[in-house]
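Trainee: In terms of the numbering used here, the sequence shown opens at residue 408 and continues consecutively. Glycine included, every Cβ here is placed at the ideal spot set by N, Cα and C. Let me begin by handing over the structure; questions about it come next.
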Amino acid sequence: MSGRGKRNARGAPAEERPVKRGRTTNDDPWEKALDAAAHMLEEYPPVEIRDTDGIVAQFLKALPEGWTEDDEETVTKMWDDSGLKAKTASFSNPHSAPLLNVWKTSFRLFQRPPLGLVGVTAAMRYQPMTTHSRSRPHIPSTNFCLALSKLLVHPIWTGSFRRVTGALQYAIICRTGDYRALNRISSKAEECLALNSLNQGILKYRHTSTPHPLHKMHRVVRDQARTKGKEISPWSDFLFHSGETLENDTSKRPPILEEFTDFMGVRVLPLTLWDVEMVTKALGSMGNIETEYRMSVEDAFKAWNEQKSDRERPSMTQLPDLYEAFYKEAFREVVSFLKGQSQPQTGDSGSEDDLPESPIHGQNEEEMDVDSERSSSFFEEDNRDITMSDGDLLTMSDDDLLPPDEDQDESESSQEDDASESLGYEIEGPAMDNGDIPFVPGADEGGGMIDAETQLEGLGHMDVGTLSEPEVYNREISPTPQELAMPTGPPRPPRVPVLSELSPRGDYGIIVRLERENRELRDALNKAQEEVQKSEERNQRLQRVHEREIECLERTINNQTNMIESLDESRRDSRNGLDPTATQSDPVLIYLGRQVRRQRDEIEEGRQNLTRVESRFESRMNLLEREVMTQQLESGRLIESTELDSNLVSPGSGRAPSAMRDSPMQGD
C-alpha cells in the first residue's frame, strides 16, 4: 500500500482526545472543509513509487485461479480490438489533465485505479452524454473527469471505495429503474435493518417481469424500520436523500443506451455525468448529514487542492501504460467470470447468517485488513458473518410496493387516475432496459459475490401476501401520488443464460478460440475473393485499352495505305509516258511505306503483349482459386468442430447441465 497501515480500532473517548493538527471546533463550512482535507492528506499519503512497473505491481491483483496462456492471449486480443492502444497515445495533451487527476486521487484515497471505482468490477461502465464522445466510449470526457475528481475528495467516503460505488449505483438505478446487474448495493459493512432488507428486496425482485423501483422499496423498509423502533443508519439516510434529489430534479435525463448496459458480455450499470452530478447535488443539499461531513463538494475540492502537493504520481507519461495494465486486469475479471473459474463457497452457505453486513457507519473500517480490502473484487466470495438474525429482517409484500397489476380493482385504478389528475399531467416511470445480458454479481464490504440461491433460501419471511393489510397505508408518512401512479416499466423477456453458465467443463475458452479462428478464416476468404474480383476487373480494363489501341493503329494503317495508293495513282496519271519504276524512288512513297511497316510491327507487338497479359491473368486466377478452395475447406472443418463443441453446451435441451445449475454465477 502507499504507506497506509492499520489503525487502532479503539482509543480514548472522543472528549479526552487531543484536537488533531489542523482541526477546528467552529461550524464554518470552509474551515471544516480545510480541516477534513488536512486530515485526509495526512491519513492517505500519495503514491511514492516513481516507476510505472512499481505502481502496477503495487495495485494490480493476482491472476485469477486456473489462468492459462490461452486466457492471456484472449485478454491481449480484447485489448487490441478495443482500439484503446491508439487512443491512449493522445494522453500527453493538456486535455488529459482531469483524467490524470482522477487516477492520482483514486490511487491515493482508495488504493485502486479508477476502473475499480467506476468500472466493470464495480458493475458500472462509463456512458458518454454526447454523440461525439461516444466515439471514445472507454475514455471519459473532460467534464466527467472534473466532476468525478471533485466527488472523490469529499470526506463522506472516508477512504472506502464501496461508499463511492454504492452512491453511484443507487443514482444509476433510480434513473434507469434497472437493478439486474447487482445482488446488493455496494457499501461498507454495518448492521442496518433498512438496508439489509432493501438488499433482500433486490434479490427478490430484480429478475421479475415488473421489478419494483429501488427507491420505493427503500422508502417502504425505512418506514417499517421506524415502526419497529429500529435505528436507521446515516448511510441509508444519504442514499434515500440521493433518491429524493434525483426524483425532484427536472433536468433532462440521459438516454438509456443498450450498448452501455453491457461490457464484453457482462451486464453493467451505465454511469453518466448526470449521475455524478446528482450525487454531488445530494451531498450539497443534505441538512442532517453528520456534522464533520456537512459541506459542499466544491468546498471540499477547493480545500483539497489548496493543501495538497502538485507533484504526485502517476505522471502523464505513465498514464497510457497504466491504462493498458488495469484495463487488461478488467478484461481478466470478465474472462474469468464468464468461464466460471471463480469457485463457489461450499458448506453451510445457504443460510442468511452468512450474508455480509450492509452499509456504513456501524462498523469501524480501522478493524478491517486494508490489504485484503484492496485485493478484493466484486467477483470474489466474502467469508465474513453478519450479526443480524433471520427474524430481524423486515417483511416486504407486493401490496406494500403497489406494483401494477392487470387484475387490480377499480378503486386502485381510480386512485391512480385521481393522482394523475391532481398533478395536472400524466405520470411516467423510469425507462426500463429490456436486454438479456447476464448480470454482474454484486459484492459486500469484503468484495464478495453473493450466491443468489443462498440468499433466496432464507426469504420465506418475505413471501407475497404476508401482510393482511398493507402497512404502507397506516404509516406516519403516506405514499405520494407519484408513488401510487408510477409504473415500474414494461415486462422483460426471460433471461437467456450465457454459454459459460451451460458449460459443465469450462469449454468456453476452446469454443471462443475456435470461433475466433473461424472468423479469421472467413475474413481471409472474403479478402481473397475481393482480390480476385479486383484483379479480374483490372485485367478487363487493360484488355479493353489494348484492344482500343490496336483498333486505332489498324485504322491509321488503313488510312495511310489508302493515301499511298491514291498518291500512286495520281502520280501515274500526271506522268504519262514516264518510266513506271520512277515512282519507286519517290521519297514520299518511301517514307509512307516505312511508316506503315513500323505501325504494323507495333500492332503485332501489342497483340503479343496482350497475349502475355492474358496468360499471366489466367495463372493468377488459377492460384487464387486454389487458395480460396483451401480456405473454404479449412473453414468448413472449423465450423464442423465449433458445431460439435457447441452441442456440448447447446441450450436446446431446455435445461443447463446439473454441474452448473447450482453455481452462483447464474444469479437467481
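1. For Gly549 and Ala578, I'd like the C-alpha separation in whole angstroms.
2. Just to check my reading of the structure: Phe670 and Arg532 have Cβ atoms closer than 8 Å, yes? What is that Cβ distance to the nearest angstrom?
3. Terminal residues of the continuous alpha helix (DSSP H) containing Tyr700?
4. For the beta strand (DSSP E) containing Arg532, list its first residue and its last residue.
5. Cutting at 8 Å between CB atoms, please list the residues of its own chain near Glu938, excluding the five before and the five after it.
6. Exposed or buried, Asp682, counting other C-beta atoms within 10 Å across all chains shown (16 or more means buried)?
7. Would you please state the rounded distance, in angstroms, between the beta carbons of Leu1040 and Asn925? I believe it to be under 8 Å.
8. Give me whichever residues DSSP pairs with Asp669 in a beta bridge.
9. Going by alpha carbons, who is nearest to Pro520 out of Ala732, Gly672, Leu928, Arg1005?
10. Cα-Cα, which of Cys581, Ile957, Leu600, Gln576 is closest to Leu589?
11. Once DSSP output is grouped into helix, strand and coil, what is the label at His768?
12. Buried or exposed: Tyr998, going by 16 or more other Cβ atoms within 10 Å of its Cβ?
13. Would you tell me roughly how many angstroms separate the C-alpha atoms of Thr459 and Glu1047, rounded to the nearest one?
14. Take Arg633 and list the residues in its own chain whose beta-carbon comes closer than 6 Å to its own, dropping the five residues that flank it on each side.
15. Which of the three DSSP states is assigned to Cys552 in this structure?
16. Identify which residue in Glu958, Val482, Trp564 has its Cα closest to the Cα of Leu524.
17. Using the C-alpha atoms, what's the distance from Leu653 back to Arg660?
18. Determine, using beta carbons only, whether Gln534 and Phe645 come nearer to each other than 8 Å.
19. Just how far apart, CA to CA, sit Ala443 and Trp711?
20. Can you find at least 3 beta carbon pairs, one from the segment 934–954 and one from the segment 1017–1031, that sit closer than 8 Å?
21. For Ala419, which residues of its own chain have a beta-carbon under 8 Å away from its beta-carbon, when the five flanking residues on both sides are left out?
22. So Ala601 and Ser643 are supposed to be a Cβ contact under 8 Å. How far apart are they, rounded?
23. On the criterion of 16 or more Cβ atoms from any shown chain inside 10 Å, does Ser756 qualify as buried, or is it exposed?
24. Could you check the C-alpha separation between Leu745 and Glu705 for me, to the nearest Å?
25. For Ser384, which residues of its own chain have a beta-carbon under 8 Å away from its beta-carbon, when the five flanking residues on both sides are left out?
26. Can you list, in chain order, the stretches of the alpha helix (DSSP H) that have 4 or more residues and sit fully within the segment 601–665?
27. Mind checking Pro620: buried by the 16 CB within 10 Å criterion, or exposed?
28. Quick check on the DSSP output: the alpha helix (DSSP H) that includes Gln465 runs from which residue to which?
29. Distance, Cα to Cα, Leu960 vs Gln1006?
30. Helix, strand or coil, according to DSSP, for Lys715 in the structure here?
31. In chain order, what residues of the same chain have a beta carbon less than 7 Å from the beta carbon of Thr963, not counting five sequence neighbours either side?
32. Can you give the Cα-Cα distance for Met970 and Arg1023, rounded to whole angstroms?
33. Taking only the alpha-carbon atoms, compute the straight-line gap between Leu605 and Met624 and give it to the nearest angstrom.
34. Mapping the DSSP letters down to three states, classify Val560 as helix, strand or coil.
35. Out of Val742, Leu448, Ile639, which has the shortest C-alpha to C-alpha gap to Glu476?
Mentor: On the basis of the data shown:
1. Checking the sequence, you will find Thr at residue 549 rather than Gly. Approximately 21 Å, taken between the alpha carbons.
2. Contact between Phe670 and Arg532 holds, with the beta-carbon distance rounding to 5 Å and staying under 8 Å.
3. Unbroken run through Tyr700: none, as it is neither H nor E.
4. Here the beta strand (DSSP E) through Arg532 covers 531–533.
5. The answer, listed in chain order, is Leu1031.
6. A residue is called buried once 16 or more other Cβ atoms fall within 10 Å of its Cβ, and Asp682 is buried on that count.
7. Not a contact, Cβ separation roughly 13 Å.
8. The bridge partners DSSP lists for Asp669 are Arg674.
9. Closest in C-alpha terms to Pro520, from the list Ala732, Gly672, Leu928, Arg1005, comes Ala732.
10. Residue nearest to Leu589 within the set Cys581, Ile957, Leu600, Gln576 is Gln576 (criterion: CA-CA distance).
11. For His768, the pLDDT reaches just 28, beneath the cut-off of 50, and the residue's location in the model is therefore unreliable, leaving the point undetermined.
12. With fewer than 16 other Cβ atoms within 10 Å, it is exposed.
13. Separation of Thr459 and Glu1047 (C-alpha to C-alpha, rounded to the nearest whole angstrom) is 46 Å.
14. Closer than 6 Å at the Cβ level, and outside the excluded window around Arg633, lies no residue.
15. Looking at Cys552 - three-state DSSP - the assignment turns out to be helix.
16. Comparing Cα positions, the closest option is Trp564.
17. Cα to Cα, the separation comes out at about 10 Å.
18. Taking 8 Å as the cut-off, the Cβ atoms of Gln534 and Phe645 do not count as close.
19. Spanning the two alpha carbons is a distance of roughly 9 Å.
20. With the cut-off at 8 Å, the segment 934–954 and the segment 1017–1031 touch.
21. With a pLDDT of 38 at Ala419, under the threshold of 50, the modelled position of that residue is not reliable, and the figure given next carries that caveat. Cβ within range, chain order: n/a, list empty.
22. With 8 Å as the limit, Ala601 and Ser643 qualify as a contact, their Cβ atoms being about 5 Å apart.
23. Caution is warranted here: a pLDDT of 38 is assigned to Ser756, below 50, making its placement in the model unreliable, and no coordinate value can be reported.
24. Those two C-alpha atoms are separated by around 41 Å.
25. Any answer about residue 384 is impossible in this case: the structure gives the chain only from 408 up to 1075.
26. At a cut-off of 4 residues, the continuous stretches assigned as alpha helix (DSSP H) that sit fully inside the segment 601–665 are 621–634, 641–655.
27. By the C-beta density criterion, Pro620 is buried, having at least 16 other C-beta atoms within 10 angstroms.
28. 459–466 is the extent of the alpha helix (DSSP H) around Gln465.
29. Between the alpha carbons of Leu960 and Gln1006 lies a distance of about 7 Å.
30. The three-state secondary structure of Lys715, taken from DSSP, is coil.
31. Within the same chain, Gln1006 come within 7 Å of Thr963 by CB-CB distance, once the 5 residues on both sides are set aside.
32. So the two alpha carbons sit approximately 39 Å from each other.
33. Their backbone Cα atoms lie some 7 Å apart in a straight line.
34. Three-state result, Val560: coil.
35. Nearest to Glu476 by alpha-carbon distance, out of Val742, Leu448, Ile639, is Val742.
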